[in-house]
Structure formats: structure tokens, C-alpha cells
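Peer 1:
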Amino acid sequence: MKDIQNEKDTRNIPLNKVGVNSIIYPIQVLDKENKYQHTVARINMYVNLPKEFRGTHMSRFIEVLDEHQNNMSIHTLEQILDDMKIKLDANAAHIEVRFPYFIFKKAPISKIKSFMNYDCAFIASKEKKFDFMLEVNTPVHNLCPCSKEISDVSAHNQRGMAKVQIRMNKLVWIEEVVQISEQSASAPVYSLLKREDEKYITETAYAHPRFVEDLVRNISIELDQDQRITFYSVEAVNFESIHNHNAYASYKKDKRLNK
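Taking our numbering, the leading residue of the sequence shown gets 519, the next gets one more, and so forth.
1) Find the nearest neighbour of VAL500 within the set PHE729, ASP601 and ASN655, judged by alpha-carbon distance.
2) Find out if the Cβ-Cβ distance for the pair VAL730, ALA754 is shorter than 8 Å.
3) Fully enclosed by the stretch 578-650, which alpha helix (DSSP H) runs are 4 residues long or longer?
4) Using alpha carbons as the reference points, say which of LYS569, ALA703, ILE545 and VAL538 lies closest to LYS528.
5) Assuming GLN697 is part of the alpha helix (DSSP H), what are its boundary residues?
6) Flag ARG735 as yes when its Cβ comes closer than 7 Å to any non-hydrogen atom of the ligand NAP, and as no otherwise.
7) Helix, strand or coil for LYS717? Go by DSSP, reduced to three states.
8) Check whether the stretch 638-657 touches the stretch 571-586, counting contact only when three or more Cβ pairs, one atom from each stretch, lie closer than 8 Å.
9) Tell me the DSSP bridge mates of GLN745?
10) How many angstroms separate the CA atom of ASN732 from the CA atom of SER702?
11) Whose C-alpha, out of TYR750, ILE542 and ALA625, is nearest the C-alpha of SER709?
12) Given this structure, state the Cα-to-Cα distance separating HIS674 from LEU661, to the nearest angstrom.
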């Protein structure tokens with residue numbers, strides 16, 4: 519049959535990224551406690567398209583995934599990108615793997631365990647060199663310092679989200695990034711709490727008020743001191759409880775530029 523994608527294109531416009539996105543696919547990721555964790559990812563896969571080609575071959579992206587279906591992890595991403603470049607005759611390849619990661623967390627006082635999910639991503643690309651970035655989104659609890667200062671009793675609380683992206687020269691566990699984000703906030707967030715846990719969390723947050731700016735700076739200090747991390751980006755959002763808007767702050771640093 520005629521291959522329409524391979525028709526010559528005369529518009530003289532090369533495309534940076536072409537491919538498929540929102541592929542739902544089972545994967546396994548490294549788990550600090552259990553070695554591996556099976557989860558389900560939403561995957562985007564792209565390559566560059568030279569100016570002379572009209573289109574790319576969408577089915578070949580899925581073929582590459584299927585070839586790695588039993589061995590897809592942080593360690594195999596570079597090989598997947600190499601296979602994409604070969605199979606699609608491309609100079610550059612990109613993949614984004616977004617997935618829920620589960621940690622079995624223990625409540626602070628009752629010690630009851632429950633699963634807490636964190637939205638994570640592997641973001642990788644390769645032209646001449648392989649580039650990999652880990653993204654971890656951690657729900658947190660923040661208490662407003664201003665509200666605490668001006669109120670005779672209580673202070674308003676908000677649930678927030680800390681988004682951390684890092685490049686590394688040695689393995690940094692997802693659990694480590696979660697711990698840094700939670701310890702930088704007023705208090706962690708849990709899936710299951712009994713009354714004694716709620717009391718503890720409420721009082722802990724009250725004793726550690728945090729602006730969204732505080733959260734970003736606290737996380738950044740910890741990431742900056744970790745020699746395994748070569749680049750980091752931190753974004754934080756507080757879903758305000760008494761305002762009709764959210765509070766936002768961000769900071770990023772490429773530590774390689776300071777050497």
C-alpha cells in the first residue's frame with residue numbers, strides 16, 4: 519500500500535516534535551522499600567521530523583513500547599529513546615512518563631498505615647546526549663504566618679502542592695524528594711488519620727507556619743546541599759482557604775553553571 523507519511527513535503531518546515539501522547543501503559547518503577555512498584559503511566563513519545571517528510575509513523579512508537587513492556591524503568595529510558603531514533607529514523611527523541619507512585623505511610627500517633635499517592639514523572643530526551651529529569655508532586659499542609667500573627671485564636675490553613683524537578687548524577691529516590699517537601703511545609707498530608715493524629719497534625723502546623731515562599735526556599739536549601747543533584751526546579755501552590763485565588767512561588771537553579 520502507498521505510504522503517505524513518506525511523501526515529500528515542499529513547505530520547508532522541519533518539526534521539533536511529532537508523535538503520540540496520552541498512551542495509557544503499565545510500567546514498573548524503582549521502589550526504595552520493595553525494589554520495584556508496578557503502576558500505570560500516561561506516556562508521551564515524540565521525535566523530530568525533517569522538513570522533507572510529510573509525516574511520521576505513529577504505530578512505530580507503540581512498537582517500541584511493546585518491545586520494552588517487561589523492562590521499562592528509569593534505567594531503560596535511554597535505550598527506549600535510542601530505539602525510537604532508529605525505528606523512526608530521527609535525530610532526536612523525547613519521552614514523558616507520568617504515573618502515580620504509592621508510599622505506605624504511617625500516621626504520626628496512631629501508627630495506622632495507609633497508601634498515599636504522589637504524581638510523578640520521568641522526562642527524558644536524547645539527541646547527542648541523554649537528558650533525564652525526575653518530577654515529584656507532593657501534597658502538603660501549610661498554615662498562614664500572617665493569619666496566625668493577627669488572630670487572637672486559630673489561623674487559616676491550606677492544602678498545597680510542591681512540584682520538584684531534578685537532574686542528578688546519582689540515584690535520588692522519589693521517597694527522598696517527598697520527605698524533603700513534607701518537612702519543608704507546616705505539616706505532611708495523609709490519606710488516613712484518627713482523631714489523635716488530627717490533633718497532632720493541627721498543632722504541628724500551628725507551630726510551623728509557612729508562606730508558599732517559605733516552602734520553596736526550604737526545599738531549595740535541601741536540594742542545593744545534595745551533591746547528587748545537578749539541577750533543580752521548585753514550584754509551590756497553596757490552594758487558599760479564605761481567598762478566591764491561589765498563592766504561588768518558584769525557584770530553579772542549574773548547579774553545573776556555578777562550577
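Glycine is no exception: its CB is placed at the ideal position from the N, C-alpha and C atoms.
Peer 2: On the basis of the supplied data:
1) Given a span of 519 to 777 for the chain in the structure shown, any question on residue 500 remains unanswerable.
2) Sequence index remark: in the sequence shown, residue 730 carries index 212 (1-based). Sequence index remark: in the sequence shown, residue 754 carries index 236 (1-based). Using a Cβ distance threshold of 8 Å, VAL730 and ALA754 count as a contacting pair.
3) The stretch 578-650 contains these whole alpha helix (DSSP H) runs: 595-605.
4) Here residue 528 refers to the residue found at position 10 when the sequence shown is read from its first residue. The question names Lys, yet the displayed sequence has Thr at residue 528. Checking every option, the nearest Cα to that of THR528 belongs to LYS569.
5) For the purposes of this step, residue 697 is identified with residue 179 of the sequence shown, where counting begins at 1. Note, GLN697: alpha helix (DSSP H), 692-702.
6) You won't find the ligand NAP in this model; it holds no ligand whatsoever.
7) To locate residue 717, count along the sequence shown from 1; it is residue 199. LYS717: helix per DSSP, three-state reduction.
8) They do not touch, by the three-pair rule.
9) Looking up residue 745 in the sequence shown gives position 227. Note: GLN745 sits in no beta bridge, so no partner.
10) The sequence position of residue 732 within the sequence shown is 214, counting from 1. The sequence position of residue 702 within the sequence shown is 184, counting from 1. Position check: residue 732 holds Asp in this sequence, whereas Asn was assumed. Spanning the alpha carbons of ASP732 and SER702 requires a straight line of approximately 8 Å.
11) Locating residue 709 in the sequence shown gives position 191, counting from the first residue. The option with the nearest alpha carbon to SER709 is ALA625.
12) Position 156 of the sequence shown, counted from the first residue, corresponds to residue 674. Position 143 of the sequence shown, counted from the first residue, corresponds to residue 661. Going from the Cα of HIS674 to the Cα of LEU661 covers about 6 Å.
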